[in-house]
């Protein structure tokens, strides 16, 4: 991946003839399909910043009181999970992620909602607009918190992630 995460407007699961892929929309308007799962793609985003995916997810989960559908919070971008498709097979991923800074307007359509993005693109979403707005609020709170933690450096991050005695030494 050659682009900086803040240049990504959204990334969503996408069916191709070779199986699941990720469709990415960039600020430039360019769309790319990457042959990997959403889970792998999000892990790669964290790895770009040398962030331990499991530790940050645990911290986010504890802070917002939620175990699933956590936002992806990076030093220069925050992505919120949004349901973008129905699964063909039960195990298919149905949630993509939208850059919180790129959301312009949310229009409730009764059965789902549309998200108007700052670039003018529209993303059709499934689920409740009200619940998605709650996710925006939670993501904003945890983003502000983590920005403060990151500004204090690695020792503070270690404390916040509760990485005490990492190697099991006495």
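Numbering (the numbering used here), first residue to last: 16 to 185. Built from N, CA and C at the ideal position, the CB exists for glycine as well. Since the model is a prediction, treat every value here as computed from it, not as a measurement.
Please confirm whether residue 50 and residue 33 have their CB atoms less than 8 Å apart. yes
Assign residue 62 to one of three DSSP states: helix, strand, or coil. helix
Option in 59, 81, 100 and 162 with minimal Cα separation from residue 28: 100
I want to know whether the region 128-136 touches the region 71-79 - three or more CB-CB distances under 8 Å. no
Quick check: residue 117 and residue 24, are their CB atoms within less than 8 Å of each other? yes
Start and end residues, alpha helix (DSSP H) containing residue 40: That residue, residue 40, is in no alpha helix (DSSP H); its beta strand (DSSP E) goes 34-41.
Please report the straight-line C-alpha distance between residue 66 and residue 83, rounded to a whole angstrom. 19 Å
Flag this pair as yes or no: are the beta carbons of residue 53 and residue 111 separated by less than 8 Å? yes
As an exercise, report each continuous alpha helix (DSSP H) stretch of at least 4 residues that is fully enclosed by the region 59-118, in chain order. 68-79
Helix or strand or just coil, what does DSSP make of residue 153? helix
Excluding the 5 residues preceding and the 5 following residue 120 in the sequence, name in chain order all residues of the same chain whose CB lies nearer than 8 Å to its CB. 130 and 131
Under the three-state DSSP convention, the category residue 139 falls into: strand
So the beta strand (DSSP E) residue 46 belongs to, where does it begin and stop? 46-49
Determine the direct distance from the alpha carbon of residue 88 to that of residue 179, and round the result to whole angstroms. In this prediction, residue 179 scores a pLDDT of 43, lower than 50, which makes its location untrustworthy; the coordinate-derived value is nonetheless stated afterwards. Distance between the alpha carbons of residue 179 and residue 88 is about 22 Å.
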